[in-house]
Each structure stands twice: as structure tokens, then as C-alpha cells.
Amino acid sequence: MIGSTHVLASPEIAVVAIPEDERIWVPQAPDVWFRPLMLNTRQGQWCNLLRVRRAGVLSRHLHPNPVHGFVLRGKWFYREHQWVATEGSYVFEPPGEIHTLVVPEDVSEMITFFNIQGSMLYLDENNKHVGYEDVFTKIDMCRAHYESVGLGRDYVDQFVR
Ligand SMILES: [Fe+2]
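In this text, residue positions in the sequence shown follow UniProt numbering: the first is 1, and each later residue adds one.
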């Protein structure tokens, strides 16, 4: 009998991606939030939604590993490219690319699913390294936020693998 004896290393996750409870969105910057979906400490990877409710330049960054994105609402683009990612768009960001995320003026809200391997390295306009994020900094941000809004530090554990 296939499957009768195998033990899953970690349980599955099935959640409503865009939550009703506003507290689940973790503030990242003014008018910018992320919603954790899966925080993979085994492989240094995470899946989240990014929500932005302001127009303009969001961040300039490099990721040493690949990123996959899928736009759920609104639209955005990278200053370095010709395309615009609109609702329903899939985006692949190759390892090593440096780009600058911009939300156009006519967008009141964008929400994009991102699957990020490794880390995000934030750069200034001269490509000087000014900060980073990885699955562990994401977990730390979640813990601090969920504690502050009354969900409790452990609320994030359901997304951690
Ligand atoms: Fe990127």
C-alpha cells in the first residue's frame, strides 16, 4: 500500500492567501506589508504576498538566487526593464539581477505573490549594500508584529517549516 507507512517531514499548509484579519499583514515600510505564507528554514526560502498602497520607487535590490512572482492585484515594473507586470502576470527574476521596483501612479494597491530563495540584498542608487532580508529576518518581523497586535509571537509558527 503506497503511502501507508510514510511519515511526512512537515505538514501541508492551506490558507486563504488574502486574509480577512488585517493583523496578519506584517508592516514592512510605510504603506508596504507582507503576508507570510510559507517560511522555509530548511532551505532558506520563503513565500509571501507583498502588498503596496503607494506609488513610486519601492526598493532597489539584488537576489543571489531565483525569484518567482505572480501578480494578484494592481501592477508594477522594474525600472531596468520594458515590461509591466499586470494582474495575472507571472514574473521570473534570474539570480544576480539588480532591479528597482516601481509602482505606477495610477495604482492604489498592488498585491504580488513572491517565492524567494536565499536572500534579498538591498542596494542604494550606487549599488552600495544597505540591508538584507532572509527567511530568518522575516520570521523575526512576524514574531514582533504578531506579538504587538495580540496574535502572539507563536502565530507565525504555522507558516514555518
Ligand atoms: Fe526582485
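For every residue, glycine included, the Cβ atom is placed at its ideal position computed from N, Cα and C. A quick note: this is a predicted structure, and the numbers were derived from the prediction, not measured.
Handout entry: Endpoints, alpha helix (DSSP H) assigned at Asp140
Key = Its alpha helix (DSSP H) spans residues Val135 to Ser148.
Practice task
Leaving out five residues on either side along the sequence, give the residues of the same chain with a beta carbon under 6 angstroms from the beta carbon of Phe77.
Solution key: Val84 and Val102
Handout entry: Nearest-angstrom Cα separation, counted from Met110 out to Val52
Key = Between Val52 and Met110, the alpha-carbon positions lie close to 5 angstroms from each other.
Exercise for the section: State buried or exposed for Glu133, treating a residue as buried only when at least 16 other CB atoms are found within 10 Å of its CB. Expected result: Buried, by the Cβ-count rule.
Exercise for the section: Name the two residues that bound the continuous beta strand (DSSP E) containing Gly69. Expected result: Val67 to Arg73
Handout entry: C-alpha distance - Val15 paired with Asn48, whole-angstrom precision
Key = 12 angstroms
Handout entry: Contact set for Met141: own chain, Cβ-Cβ below 7 angstroms, skip 5 residues either direction
Key = Val26
Handout entry: Proximity test, Val67 beta-carbon vs ligand 1 heavy atom, cut-off 6 angstroms
Key = Result yes, Cβ under 6 angstroms from ligand 1.
Practice task
Select from Ile13, Asp157, Asp154 and Thr41 the residue whose C-alpha is nearest the C-alpha of Ile116.
Solution key: Thr41
Practice task
Pick out whichever of Glu93, Asn126 and Tyr146 has its Cα sitting closest to the Cα of Met120.
Solution key: Glu93
Practice task
Label His145 either buried or exposed according to how many other C-beta atoms from any shown protein chain fall within 10 Å of its C-beta, with 16 as the threshold for buried.
Solution key: Flag for His145 reads buried.
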